[in-house]
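K.L.:
Numbering (the UniProt record's numbering), first residue to last: 1 to 159.
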């Protein structure tokens with residue numbers, strides 16, 4: 001498209017903004033079936049002989065379960081063709097300073113909540129120490145985060 005065509009198209013869009021489209025050609029939309037339209041409030045002109053109604057069991061009679069189809073046996077797989085994932089490595093252990101910060105972030109609120117629910121009265125200085133441990137651990141972990149953004153093309157997957 002050329003610049004003039006773009007300008008003309010935008011001008012036409014702006015001029016017709018908010019107007020409804022004219023669909024007065026009178027012919028039905030493609031795929032429209034006239035027979036599907038109900039003619040009466042009941043939904044059809046009369047009884048339909050082709051209508052199949054579901055069978056209802058007699059009251060008190062139990063329906064017999066249908067037998068389950070037997071699955072086809074799968075062919076045996078050679079051990080050479082089978083994928084065996086590598087053994088997972090050991091769990092990573094955080095550095096001691098980060099471990100203490102994580103314990104403060106998760107452990108201090110748990111200790112305070114459990115002592116509150118059980119009814120154990122902690123000394124006031126222990127409560128303030130737990131709050132300081134939580135806040136200090138949170139601030140430390142936030143400060144240790146990388147300051148530069150990640151590579152936008154790095155989705156983290158490794159092949």
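We put the beta carbon where it would ideally sit given N, CA and C, even for glycine. This structure is a prediction, so every number in the text was calculated from the model and none was measured.
Thinking C-beta only, is residue 137 closer than 9 Å to residue 108?
P.N.:
The answer is yes: Cβ separation under 9 Å.
K.L.:
Let me confirm a value: residue 125 is counted as buried when at least 16 other C-beta atoms fall within 10 Å, else exposed. Which label applies?
P.N.:
Its Cβ having fewer than 16 others within 10 Å, residue 125 is exposed.
K.L.:
When DSSP labels each residue in this structure, what does residue 95 get in the three-state scheme?
P.N.:
Three-state DSSP puts residue 95 in coil, outside helix and strand.
K.L.:
Measuring only the C-alpha atoms, how far is residue 83 from residue 76?
P.N.:
Cα-Cα distance, rounded: 14 Å.
K.L.:
Could you check what DSSP says for residue 153 in three-state terms: helix, strand or coil?
P.N.:
In the structure shown, residue 153 sits in coil (DSSP, three-state: anything other than H, G, I, E or B).
K.L.:
Can you list, in chain order, the residues of its chain whose CB lies under 7 Å from that of residue 68, leaving out five sequence neighbours each side?
P.N.:
Hits under 7 Å: none found.
K.L.:
Hey, is the stretch 95 to 105 in contact with the stretch 135 to 152, meaning 3+ C-beta pairs nearer than 8 Å?
P.N.:
They touch, by the three-pair rule.
K.L.:
Nearest-angstrom Cα distance between residue 131 and residue 105?
P.N.:
Taking the straight line joining both Cα atoms gives about 9 Å.
K.L.:
Which value, in whole angstroms, describes the spacing of the CA atoms of residue 153 and residue 140?
P.N.:
Looking at the two C-alpha atoms, the distance is approximately 28 Å.
K.L.:
For residue 134, name the three-state secondary structure that DSSP assigns.
P.N.:
In this structure, residue 134 counts as helix in the three-state DSSP scheme.
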